[in-house]
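J.: Count along the sequence shown starting at 1, add 12, and that's the number in the numbering used here.
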Amino acid sequence: MALFLAVSVGAFLDPTLRNSRDPDWIFWVGAAGLVALLVRAPFVGLVVRGDRVIRRTWVRSCSWNKNDITRVGPASYSGILNRGSRSGRFRMVVLTVRDGSTPKAVEVPEVSGGRSKMEERLKVLAAALDLPQPSPAGRHRPD
Numbered sequence: 013m014a015l016f017l018a019v020s021v022g023a024f025l026d027p028t029l030r031n032s033r034d035p036d037w038i039f040w041v042g043a044a045g046l047v048a049l050l051v052r053a054p055f056v057g058l059v060v061r062g063d064r065v066i067r068r069t070w071v072r073s074c075s076w077n078k079n080d081i082t083r084v085g086p087a088s089y090s091g092i093l094n095r096g097s098r099s100g101r102f103r104m105v106v107l108t109v110r111d112g113s114t115p116k117a118v119e120v121p122e123v124s125g126g127r128s129k130m131e132e133r134l135k136v137l138a139a140a141l142d143l144p145q146p147s148p149a150g151r152h153r154p155d
């Protein structure tokens, strides 16, 4: 994304296009949107801080008490990149959160990747939350 932004700014500022009558403001709105995405990207995901687990999305954040999360596991990625359908190649984190008396599955597409990468991320997350290690993808885990 940074490369796309740099190339587009370089092409837009080309001196041979100085007398062009194109509406400049359209480009700068798009460039500002890309800059906003680049600035926000490092802060999107899950953060375990003290006794809180914070989920930071592109627009808003939410948090849970660390003790309310009873399980972490993988699921097929489903999000804006594949228009809501399930991916067979990529995985994302799913948190099982105790919501009153019933557990609720919370999908976290902000933390996603290939199978092997997600297995490592889930191990790290489970250790940070003091939960049992998740079973490898595709294996049955008795509860």
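Where a beta carbon is used, it is the ideal one built from N, C-alpha and C, also for glycine.
Small disclaimer: the values here were computed from a predicted structure and weren't measured.
#1: To which residues of the same chain is Gly62 closer than 7 Å at the C-beta, ignoring the five residues directly before and after it?
#2: With a 10 Å radius around its C-beta and 16 neighbouring C-beta atoms as the bar for buried, classify Phe16 as buried or exposed.
#3: Taking the straight line between their C-alpha atoms, what separation do you get for Gly100 and Ala43?
#4: CB-CB under 6 Å to Val109, same chain, minus the five flanking residues each way: which ones, in chain order?
#5: Can you say whether Val84 is buried or exposed, counting buried as having 16 or more other CB atoms within 10 angstroms of its CB?
#6: Would you kindly check if the distance between the Cβ of Gly57 and the Cβ of Arg68 is under 8 Å?
#7: Taking the alpha-carbon positions, what's the Gln145 to Ala138 distance?
T.: So, to answer that:
#1: If we look at Gly62 and ignore the five residues flanking it on each side, it has no Cβ neighbours.
#2: exposed
#3: Taking the straight line joining both Cα atoms gives about 33 Å.
#4: Trp76, Asp80, Ile81, Lys116 and Val118
#5: buried
#6: yes
#7: 6 Å
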